[in-house]
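Below: one structure, written as structure tokens.
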């Protein structure tokens, strides 16, 4: 009787791990900005993160981007971004600390299906931290979960220095996009 009860209990528990990890080998983080004379597409090729799927909707996570690796594909512009705007020597990372997930979390909790969610947390760039809500989708692929989203922001709201030069103004609107595959972590 006890073994039957144990088996039934095990069958009702989610078949997915509680802790998941992702990094630049299993996803991508990029950004898009517009300046007077051109558009800028950048990449954050060095990042890592974790997603915790807890019981009862207790979901948390982190994303850490290594700022010295961020690139726009133009070395002069990248040097200005690294030295002047992000001050990568003093602030080598930017972080998103997720405190909750809202929206369609039933599938996320069950370890199957897909849905739309809001990733709620705090984004820190240099010394400025802001509460943010990032719309995203999740899709389970076996024991892995794919998170994909886009966040529209103004870089000026983080108090970053304006990198504009005389012949080209960088507008404050910025779009950050990501797609990561989080795998069960030990």
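Numbering (the numbering used here), first residue to last: 1 to 186. Each residue gets a CB set at the ideal place from its N, CA and C atoms; glycine is no exception.
Close beta carbons around residue i, own chain, < 6 Å, minus the five adjacent residues each side
{"i": "residue 147", "result": "136, 138, 180"}
{"i": "residue 132", "result": "123"}
Beta carbon of residue i nearer than 8 Å to that of residue j
{"i": "residue 81", "j": "residue 95", "result": "no"}
{"i": "residue 182", "j": "residue 51", "result": "yes"}
{"i": "residue 158", "j": "residue 130", "result": "yes"}
{"i": "residue 153", "j": "residue 174", "result": "yes"}
{"i": "residue 42", "j": "residue 61", "result": "no"}
For residue i, the first and last residue of its enclosing alpha helix (DSSP H)
{"i": "residue 173", "result": "Unbroken run through residue 173 is the beta strand (DSSP E), 170-184; no alpha helix (DSSP H)."}
N- and C-terminal bounds of the beta strand (DSSP E) containing residue i
{"i": "residue 37", "result": "Residue 37 -> no beta strand (DSSP E), and no H or E assigned at all."}
{"i": "residue 165", "result": "Segment: none, residue 165 is in no beta strand (DSSP E) and carries neither H nor E."}
{"i": "residue 159", "result": "No beta strand (DSSP E) holds residue 159; DSSP gives it neither H nor E."}
{"i": "residue 148", "result": "144-154"}
{"i": "residue 133", "result": "128-141"}
{"i": "residue 23", "result": "19-23"}
Beta-carbon proximity list for residue i, same chain, < 7 Å, skipping 5 on both sides
{"i": "residue 113", "result": "107, 140"}
Classification of residue i by the beta-carbon crowding that lies within 10 angstroms, buried from 16 upward
{"i": "residue 127", "result": "exposed"}
Segments of 3+ residues assigned as beta strand (DSSP E) that fall wholly inside the region 42-119: If we require 3 residues or more, the beta strand (DSSP E) runs fully inside the region 42-119 come out as 47-53, 59-66, 93-103.
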